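Visitor:
In the UniProt record's numbering, the protein residues as written are 1 to 148.
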């Protein structure tokens, strides 16, 4: 990946609907060369998806929480991961170092929705020893953009 690829990626991160013509102008390449580069970045997995970033508040998902999840020592971690991936409320799941095994990012409508998610979905999963929930009061920065 060279500086031109990084320039293209930066532009696409800020607006993935940027035309090939505009990308070509900024990259100082032909449209066909930029198209080839973008296709290569998609093929090699650098560009994973082209998707809309939705506003959770507009969708009524007002509550953001982070959950620390601890597993029993004999828990089937692969089964746990697959179960967590199937829960639509979980946006992210990370295996972490430190006192806890996993960190999950969860979005729900409100505190009642969080309570329901925790009691009806999460805590019924086999292998979970305990959880700790951190409710976000205000998000100061959220982005999907990566440094390029």
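Glycine included, each C-beta is placed from N, C-alpha and C at the ideal position. Predicted model only: the values in this text are computed from it and were never measured.
Rounded to whole angstroms, what's the CA-CA distance from residue 101 to residue 95? Just pull it up for me.
Guide: Counted from its first residue, the chain shown places residue 101 at position 101. Counted from its first residue, the chain shown places residue 95 at position 95. Using only the alpha carbons, I get a separation of about 6 Å.
Visitor: If you follow the beta strand (DSSP E) that residue 138 is part of, which residue opens it and which one closes it?
Guide: For this step, residue 138 is matched to residue 138 along the chain shown. Element bounds for residue 138: n/a, residue is neither H nor E.
Visitor: For the alpha helix (DSSP H) holding residue 79, just list the boundary residues, first then last.
Guide: Walking along the chain shown from the start, residue 79 turns up at place 79. Run containing residue 79: 77-85, per the alpha helix (DSSP H) assignment.
Visitor: Can residue 27 and residue 47 be called in contact, C-beta distance under 8 Å?
Guide: On the chain shown, residue 27 is found 27 positions in, with the first residue counted as 1. On the chain shown, residue 47 is found 47 positions in, with the first residue counted as 1. Result no, Cβ atoms of residue 27 and residue 47 do not sit closer than 8 Å.
Visitor: Starting from residue 70 and walking both ways along the beta strand (DSSP E), at which residues does that stretch end?
Guide: As a position in the chain shown, residue 70 is number 70, starting the count at 1. That run of the beta strand (DSSP E) goes 63-71.
Visitor: Where do the ends of the beta strand (DSSP E) carrying residue 52 lie?
Guide: By 1-based counting over the chain shown, the position of residue 52 is 52. It is not in any beta strand (DSSP E) - residue 52 carries neither H nor E in the DSSP assignment.
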